[in-house]
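The sequence shown begins at 1025 in the numbering used here and counts up by one. Every residue gets a Cβ at the ideal spot worked out from N, C-alpha and C, and that includes glycine.
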Amino acid sequence: MSLIARHLEANGIPTVILGCAKDLVEFCGVPRFLFSDFPLGNAAGKPHDVASQAFTMELALKVLETACGPRTTVQSPLRWSDNPDWKLDFSNIDQLSAEEIARRRAEFDANKEIAKQQRADVGLAKSSE
């Protein structure tokens, strides 16, 4: 995404990257970056938390409007947890039992099937138009 943002910027389209991997995104040199100190994959806010997602979107638009120059990074004030131990525990496979790993895999597979069905439903809807 960082390289795509740089290409778009070079062609006159302003961008803001939302991300959780500060070191990687800053290394790529994106023009504007909103960093959320959340687990990877959660840059747009907490899952199922509309308020944190709306706040993140509003902040990203503010970054787009107000960035003072290239390679601007703004850190979101939102916190994943008041306890910093989440960084040690979040998706740390060494901390999970075999049963928990199997449960999470089954949940992931079920979500993939739901997404697959939703894509198929959208495709059917578009083809019937």
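Counting other Cβ atoms within 10 Å of its Cβ, G1065 stays below 16 and is therefore classed as exposed.
Sorting A1078, T1097 and Q1077 by C-alpha distance to the C-alpha of V1040 places T1097 at the top.
Within the same chain, and ignoring the five residues on either side of A1029 in sequence, the residues whose Cβ sits closer than 6 Å to its Cβ are T1039, I1041 and V1054. Judged by DSSP secondary structure, V1049 falls within the alpha helix (DSSP H) whose first and last residues are K1046 to C1052. Distance check between S1105 and each of A1091, S1026, E1033 and P1063 places P1063 closest, using alpha-carbon atoms only.
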